[in-house]
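S.K.: My numbering numbers the first residue of the sequence shown as 39 and each following residue consecutively.
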Amino acid sequence: MIRYRLVFYGDLLPDVDRERCLQSLSATFGHSVERMRPFLFSGRPAIIKTVRQYDTAERFVDAFAKAGAVLHIEEVRG
């Protein structure tokens, strides 16, 4: 069975302000900026979620991109 791990490495799109990105992600996912900041910008990869369908993974990538963040999809087998 193939699953897809969604990983955020802390990368932002060009000319995106980190605080504005955090505020946007906070509003999108319903968590406080204070809760998200140490999780997303700790200097280590943040595993956001593991999903079974690629189209679901793409929706998360799109949501992060709208906030100015780069989310990666990694295939997980087994």
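Just so you know, even glycine gets a beta-carbon here, dropped at the ideal spot from N, CA and C. Since the structure is predicted, the reported quantities are computational estimates derived from the model, not experimental observations.
(1) Could you compute how far the alpha carbon of serine 62 sits from the alpha carbon of valine 71?
(2) If you draw a straight line from the alpha carbon of histidine 69 to that of alanine 95, how long is it in whole angstroms?
(3) Near glycine 81, what residues of its chain come up, given a Cβ to Cβ distance below 8 Å and the 5 sequence neighbours on each side ignored?
(4) Here's a check: name, in chain order, each residue in its chain whose Cβ is nearer than 6 Å to the Cβ of phenylalanine 79, leaving out the five neighbours to either side.
(5) Please report the residue range of the alpha helix (DSSP H) in which arginine 58 lies.
(6) Please report the straight-line C-alpha distance between alanine 101 and proline 76, rounded to a whole angstrom.
(7) If you follow the alpha helix (DSSP H) that phenylalanine 77 is in, where does it begin and where does it stop?
M.R.: Quick look at the numbers:
(1) 9 Å
(2) 19 Å
(3) Gly48
(4) Gly48
(5) 56-67
(6) 19 Å
(7) 71-78
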